[in-house]
Amino acid sequence: MIFRICPCVLVLMLAVTAISSVESFSSVGFTVPKAPRSPLQTKKLRATRRSSLERIALPVVVSSLFPLQLPVQSNAETLASLTRNYRSSPSSPVVVIGAGGRVGSKIVRRLLKLGLNVKAVTLDGRDLGLGQLTGRYITSPQKLEYAVGDTRDLAQMNDVVYNASAVIFCASASKRGGDAKSVDFLGVSNVASACVSNTIPKLVLVSSGGVTRPDSGFRVTNMFGRIMDYKLLGENELRQIYSSNPSAKVLNYVIIRPGSYSEEPASAKSLLISQGDIATGEISREDVAFVTVTALLSQKVNRATIEVFGNRGGGVKMLTSLKSRDDARKEFVQEVKKEGDYGNFFDKGVIYTDVEMAKMDVVSSYEPKP
Ligand SMILES: NC(=O)c1ccc[n+]([C@@H]2O[C@H](COP(=O)([O-])OP(=O)(O)OC[C@H]3O[C@@H](n4cnc5c(N)ncnc54)[C@H](OP(=O)(O)O)[C@@H]3O)[C@@H](O)[C@H]2O)c1
1155 MIFRICPCVL VLMLAVTAIS SVESFSSVGF TVPKAPRSPL QTKKLRATRR SSLERIALPV
1215 VVSSLFPLQL PVQSNAETLA SLTRNYRSSP SSPVVVIGAG GRVGSKIVRR LLKLGLNVKA
1275 VTLDGRDLGL GQLTGRYITS PQKLEYAVGD TRDLAQMNDV VYNASAVIFC ASASKRGGDA
1335 KSVDFLGVSN VASACVSNTI PKLVLVSSGG VTRPDSGFRV TNMFGRIMDY KLLGENELRQ
1395 IYSSNPSAKV LNYVIIRPGS YSEEPASAKS LLISQGDIAT GEISREDVAF VTVTALLSQK
1455 VNRATIEVFG NRGGGVKMLT SLKSRDDARK EFVQEVKKEG DYGNFFDKGV IYTDVEMAKM
1515 DVVSSYEPKP
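Pasting the structure below:
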């Protein structure tokens, strides 16, 4: 027993040290000087660390006392167990809405590469040529089906998500598909309602960084049909649907807010993740596809909203013009390693749920009108 307890104590000490140094870890990549904290902020940050301690230290102790029950997995094993969680099958695929888009098609490729069954939903159900993938993305055409689905049509959304193992929403306003109000707001609302009515285990929404920040690059982007306003309204509606519906209690969602897109290849080593809409920067569409699929597979990110950026030398800036709550927000930036690709990506830092974020008062109060 002593041999079990000693490593346990050591691991616990390491965990405590890691948690108490979360501040220095979380600001990796930024050189923004720390401003003094108000007593309220300090209290909230302490409470946050306490709850992190409870969430991290207890599993650490349990896992070191019972090493056989919780074995350390290799990346290949982790990935295999992650994909097993979804048990996708031809009758229960991962449904990708907006599959014909530039991010959507990359997401479909990644899912197929993982061996998952995919239903690729587009406005016309067209063949996207993704079933005959070669080279890096060798897959079986039987794993992929194409379906028609317009997010403006709730009945159609109920049909396309029926029996899905998970749903990814990466559609957005287009000439054929409708304006931002009908796709990015009402379309998201339809899909969230359909997922809850059909008890779909997880919905991942690709939204956008900066949606709560009218004083960032937001203004320019928002000139295109108020797209940023409608994306935020869509997010809010999704959160509301999940929080107000008792049958949604066991269902999960993740909202991903990427920085501005580039067509660079995927980052080799790490990405930056923030919460609270606190930073701005670029990210490649390939990395957005990676994070979306990882968020879908990971059990560690649930009912949460995250921003994500590439990590190529100084491309990310804090939104320092936002004076209020800035200091608390800096605590929420994490550099996340992509070691082993999908395996353990979200396991290293703490991703707070939307409810936890609201309790810590680090959520913007910006509320656009529909
Ligand atoms: N561009 C950026 O810098 C940036 C930054 C952050 C976040 N984002 C967001 O990231 C997401 C993915 O971006 P992307 O570049 O992949 O966009 P994209 O290439 O324009 O793809 C959007 C897809 O949505 C589909 N769509 C439109 N209306 C629809 C409807 N009513 N029902 C079903 N599907 C519909 C479109 O289909 P059709 O092709 O058939 O019209 C299109 O394939 C979008 O939400 C975008 O706003 C973009």
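When you read off a place in the sequence shown, starting at 1, and then add 1154, the result is the number in this note's numbering.
Note that beta-carbon positions come from the ideal geometry of N, C-alpha and C, so glycine has one too.
Note that this is a predicted model, so its numbers are computed, not measured.
When the five nearest sequence neighbours on each side are left out, the beta carbons in the same chain lying within less than 7 Å of the beta carbon of Gly1279 are those of Tyr1300, Ala1301, Val1302, in order along the chain.
Taking a C-beta distance under 7 Å as the contact criterion, Gly1364 and Phe1372 qualify as a contact pair.
With a threshold of 16 other beta carbon atoms within 10 Å, Phe1378 falls short and is exposed. In the pairwise beta carbon analysis, the stretch 1427-1442 is classified as not touching the stretch 1397-1407: fewer than three pairs are separated by under 8 Å. Per the Cβ contact rule, the stretch 1353-1363 is not in contact with the stretch 1269-1284 (fewer than 3 Cβ pairs under 8 Å).
In this structure, the alpha-carbon of Lys1454 lies about 8 Å from that of Val1504. Apart from the 5 residues on each side of it in sequence, Lys1385 sits with its Cβ closer than 6 Å to the Cβ of Asp1338, Ser1361, Ser1362, Val1365 in its chain, given in chain order. For Leu1405, there is no enclosing beta strand (DSSP E), as DSSP gives it neither H nor E. Beta-bridge partners assigned by DSSP to Ser1328: Gly1332. Counting only runs of 3 or more residues that sit fully inside the stretch 1300-1328, the beta strand (DSSP E) segments are 1320-1323, in chain order.
Not one heavy atom of ligand 1 sits closer than 6 Å to the Cβ of Tyr1407. For Glu1417, the number of other beta carbons within 10 angstroms of its own is below 16, and it is reported as exposed.
Judged by DSSP in its simplified three-state form, Glu1436 adopts strand. Fully enclosed alpha helix (DSSP H) runs of no fewer than 4 residues occupy 1372-1376, 1381-1398 of the stretch 1364-1429, in order along the chain. Using a cutoff of 6 Å, the CB of Cys1324 counts as near ligand 1, since one of the ligand's heavy atoms is closer than that. Taking the CA atoms as reference points, Val1248 sits about 7 Å from Ser1242.
A Cβ-Cβ separation of about 12 Å leaves Ile1261 out of contact with Val1275 under the 8 Å criterion. Shortest gap from the CB of Gly1252 to any heavy atom of ligand 1: under 6 Å. Using a 10 angstroms sphere on the CB of Val1509, the tally of other CB atoms stays under 16, which defines it as exposed.
Secondary-structure assignment with DSSP links Val1250 through a beta bridge to Ala1274, Ile1322. Between Gly1255 and Cys1324, the C-beta gap is smaller than 7 Å, which places the two residues in contact.
For Gln1488, the three-state secondary structure derived from DSSP is strand. At least 7 Å separates the beta-carbon of Ala1422 from that of Glu1440.
If the five residues before and after Gly1332 are omitted, its C-beta is found closer than 7 Å to the C-beta atoms of Arg1306, all from its own chain and listed in chain order. Under the three-state reduction of DSSP output, Ile1354 falls in the coil class, being neither helix nor strand.
Taking 6 Å as the cut-off, one finds no heavy atom of ligand 1 near enough to the beta carbon of Tyr1384. Between Glu1489 and Ser1414, the gap from beta carbon to beta carbon reaches 7 Å or more.
Only buried fits Gly1435, as 16 or more other CB atoms lie within 10 angstroms of its CB. For Thr1448, the shortest separation between its Cβ and any heavy atom of ligand 1 does not lie below 6 Å.
One Cα belongs to Pro1412, the other to Ala1309, and the distance between them is close to 29 Å.
Proximity of the beta carbon of Gly1332 to ligand 1 is indicated: a heavy atom of the ligand is located closer than 6 Å. Under the criterion of beta carbons closer than 8 Å, Thr1448 and Tyr1496 qualify as touching, at roughly 5 Å. In the three-state reduction of the DSSP assignment, Glu1521 falls in the coil class, being assigned neither a helical nor a strand state.
Under DSSP, Leu1298 takes part in a beta bridge, and its partners are Val1272. Contact annotation: Leu1265 and Val1257 have beta-carbon atoms that are not nearer than 7 Å.
Contact between Ala1433 and Val1487 is confirmed by a C-beta separation of about 6 Å, below the 8 Å threshold.
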